[in-house]
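Just so we're on the same page, this note's numbering is the position in the sequence shown counted from 1, plus 678. This report concerns only the one structure given below.
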Amino acid sequence: MSDRLTQLQECINEQAGHFCNSIGVLQGTAKPCGFDTNKEMQDEEHCDIFASLVARTAKDIELFIDSIPIEENMNDLNKEELAATNEKRKELCSQLFEATEDGEHLVYHLREKLDQIAQVQINSRPNK
Numbered sequence: 679m680s681d682r683l684t685q686l687q688e689c690i691n692e693q694a695g696h697f698c699n700s701i702g703v704l705q706g707t708a709k710p711c712g713f714d715t716n717k718e719m720q721d722e723e724h725c726d727i728f729a730s731l732v733a734r735t736a737k738d739i740e741l742f743i744d745s746i747p748i749e750e751n752m753n754d755l756n757k758e759e760l761a762a763t764n765e766k767r768k769e770l771c772s773q774l775f776e777a778t779e780d781g782e783h784l785v786y787h788l789r790e791k792l793d794q795i796a797q798v799q800i801n802s803r804p805n806k
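Right, dumping it as structure tokens:
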């Protein structure tokens, strides 16, 4: 499901990019005009391009939203799988915590031994 959400987010970002780009192109290429709404803008090539991009991306967003499972449709088997996965996660977290503590203990002893080695090396140098 997270993959679908990621795809949906990318699609929404793409749609936002289309909106920003279309506004930027319109600002850069638009000629001043009056308020006569009867004029048709068929010579505007960018309008068709961005209209198709926005429409296609909107359709993709709709498809991604429709493909996301609704929680009401989850059956008991999926809920049991999620509960089992959560228990396994808790167990693995506990094991990771124990391994981290063991590692910290080993690092402490390793540092003690390195300090002892350094002290022996310092003491074994001849005094000049």
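Yeah, the Cβ is synthetic: ideal placement off N, Cα and C, and Gly gets one too. Here the structure is a predicted model, which is why all the values come from computation and not from measurement.
By the Cβ-count criterion, residue 696 is buried, with 16 or more other Cβ atoms from all chains shown falling within 10 Å of its own Cβ. DSSP places residue 791 within a helical segment (H, G or I) once states are collapsed to three. When the five nearest sequence neighbours on each side are left out, the beta carbons in the same chain lying within less than 6 Å of the beta carbon of residue 692 are those of 735, in order along the chain. Contact between residue 689 and residue 744 does not hold, since the beta-carbon distance rounds to 13 Å and is not under 8 Å. DSSP, read as helix, strand or coil, puts residue 734 in helix.
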